[in-house]
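S.K.: For the sequence shown, the numbering used here begins at 1257 and goes up steadily by one.
Please find one structure pasted underneath; my questions will follow.
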Amino acid sequence: MPSTGKAAVFFGPGKPFQMRELPLPEVEPDAVLIRVTLANICGSDLHFWRGDAPLRLPDDGWLFGHEMTGRVAKLGARVKTDSLGRPLHEGDRVAYSYFYPCGRCYACLAKEPAACPNKIGRPLGPSQFPHFHGAFAEYYYLSPGGAIFTVPDELPDEVVAPVNCALAQVMFGLHQAGLQPQRLGLRHDPDGHGSRDSRPGRARPPGPPGPAWPPGRGQGQLDRERHVLRRVRRRRAQQ
């Protein structure tokens, strides 16, 4: 394994990214070093790049990006399986999280980690351990506590890269609403697009559209989610 890796470092809107060579970190016992094979540009990345969402950046720049996939470059000494308990080895293709719910706030205790106000910390510069904080680099360091999942060989990187952002949000929303993708006519598109199946010969059987949510179930889930989000916003406003 090499001792360094390249990263594209951001220094603010209107300024070009700068390529930097960074040292590969010593992998903590519960962490994973991943060799990035594909990174996407998310809409939120464009907001940062254009300056729509101004942030106070570290003096040495910011390494960001979050839609990505890769292969395990090095496992921490205590990491033997992925987050579903399946064996995990160096070289395995993986999908993984880029944020870390705190596990202690109201949202986390209410089993709503996606609403955790602490899940994404302040921007970190490349000089700060573990150096590889974002997708726009040759490596990504999955810190202890991050979720990681092995990926089937039949799924290309182009499909896997957005799983931890766009696709995960859609699936989470459907789950909260009590809906099933099959019921909506959604399909897996090998070209990397999630959509209703409109291919010739693959039309859905005729019938009335499904309800927005199953009566007496999905609405309650949505109400609980809104309640959690309101509580989180109030607590953040009081801080």
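Quick reminder that beta carbons are idealized off the backbone N, C-alpha and C, glycines included.
Would the beta-carbon of D1301 fall within 8 Å of that of G1321?
M.R.: yes
S.K.: Check for me: the alpha helix (DSSP H) holding L1423 runs from which residue to which?
M.R.: Going by DSSP, L1423 is part of the alpha helix (DSSP H) stretching over A1422 to Q1432.
S.K.: Are the beta-carbon atoms belonging to P1388 and A1263 less than 8 Å from one another?
M.R.: Checking the displayed sequence, the identity of residue 1388 turns out to be Phe instead of Pro. Yes. Within cutoff.
S.K.: Taking Cβ to Cβ, would you say V1335 is nearer than 8 Å to G1347?
M.R.: no
S.K.: To the nearest angstrom, how far is it from the Cα of V1265 to the Cα of K1330?
M.R.: If I take the Cα positions, the gap works out to 23 Å.
S.K.: CA-CA distance, A1459 and L1311?
M.R.: Any answer about A1459 is weak, because its pLDDT of 34 lies below 50 and its placement is not dependable; what the coordinates show is given next. Their backbone Cα atoms lie some 46 Å apart in a straight line.
S.K.: Counting pairs of Cβ atoms below 8 Å between the region 1291-1307 and the region 1358-1374, do you hit three or more?
M.R.: no
S.K.: V1350 and V1419 - do their beta-carbons sit closer together than 8 Å?
M.R.: The answer is no: Cβ separation not under 8 Å.
S.K.: Answer with buried or exposed for Y1395, where buried requires no fewer than 16 other C-beta atoms within 10 angstroms of its C-beta.
M.R.: buried
S.K.: Less than 6 Å between C-beta atoms, sequence neighbours within five positions excluded: which residues of the same chain meet that for P1386?
M.R.: Within the same chain, P1281 and Y1397 come within 6 Å of P1386 by CB-CB distance, once the 5 residues on both sides are set aside.
S.K.: Considering only residues of the region 1369-1395, which uninterrupted alpha helix (DSSP H) runs meet the minimum length of 4 residues and lie entirely inside it, listed in chain order?
M.R.: none
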